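Numbering (UniProt numbering), first residue to last: 1 to 150.
Here's the structure we're looking at; comments come further down.
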Amino acid sequence: MRYWLMKSEPDDVSIDDLASMGEVGWYGVRNYQARNFMRDAMALGDGVLFYHSSCPQPGVAGLAEVSRLAYPDPTQFDPESRYFDPKSTPDQPRWQQVDVRFVRKTRLLSLDEMRRMPTLAGMQVLQRGNRLSITSVSEAEWRDILALLD
DNA sequence: GCCAACGTTGGC
DNA sequence: GCCAACGTTGGC
1 MRYWLMKSEP DDVSIDDLAS MGEVGWYGVR NYQARNFMRD AMALGDGVLF YHSSCPQPGV
61 AGLAEVSRLA YPDPTQFDPE SRYFDPKSTP DQPRWQQVDV RFVRKTRLLS LDEMRRMPTL
121 AGMQVLQRGN RLSITSVSEA EWRDILALLD
C-alpha cells in the first residue's frame, strides 16, 4: 500500500467533479516519470491526495484511491483531444492511466499551509522546481496530512 | 502575464 | 551522447 499526491486542474476535474462522478480515468499524463508511477508502482487501494493545481487556491482538496490499474489512456489516440499523441498507436500505446475513486472531500489544505508544516518539508511536491503531476507520499506524510484535515 | 525550473527534441 | 533551443508546468 502506497500513497500518492495527484494534481488536477479544478477547471478540468475538481474534487466536486470527482464526487459526482464517483470515479475518473486519470487521463492526460504526458510525463514519463508520472506515467511510470502509474504503470509500475500503483496498486489497487493506494491512497491519493487529490490536489488542485493551477488555480487561485492550490492545495489538497480531498482523498481518493486507486480503483483500476494502469491501462492505455484513450485520449492519446483521439486527434480531437489536446492530449493526442501522433506517435502513439493502439498496438504500442505510449501513455497509461489509472482510475481513481472518490473517497471524501476535505477542507482545503493550502499549499501555503503545507509549506509551513516542518514535518511536511520533505514532501516531493514541495521541493523546489517540482512540476511532476504525480508524486509519492510517505506513510508519515500521509498520516500527518490526514491529521491536519480532520 | 511573468518567469523559474525542468523535460523533451533534434541537430551534430 | 551532448547540449542548445524550445515547450510546459504551475505558483505568484
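We treat Cβ as the ideally placed atom computed from N, Cα and C, and that holds for glycine.
No experiment lies behind these values; they were computed from the predicted model shown.
Around Leu148, the same chain offers Leu109, Glu113 and Met117 as residues with beta carbons nearer than 8 Å, after the five sequence neighbours per side are excluded. Leu5 is the residue among Arg101, Ser136, Glu141 and Leu5 whose C-alpha sits nearest the C-alpha of His52. Contact annotation, Met21 with Gln96: C-beta distance approximately 20 Å; criterion of less than 8 Å not satisfied. Annotation for Met42: Arg2, Trp4, Val66, Leu69, Ala70 and Val98 place their beta carbon closer than 8 Å to its own, counting only its chain and skipping 5 residues before and after. Secondary-structure assignment with DSSP links Asp91 through no beta bridge to anything. A Cβ-Cβ distance of about 5 Å is found for the pair Cys55 and Pro10, placing them in contact under the 8 Å criterion. Its chain contains Gln76, Arg94 and Trp95 as the residues whose beta carbon lies nearer than 7 Å to that of Asp85, once the 5 sequence neighbours on both sides are disregarded; these appear in chain order. Each residue's CA atom was taken as its position, placing Pro58 and Arg128 some 16 Å apart. By the neighbour-count criterion, in which a residue is buried when 16 or more other Cβ atoms sit within 10 angstroms of its Cβ, Leu44 is exposed. In the three-state DSSP reduction, Pro74 falls in the helix class (H, G or I).
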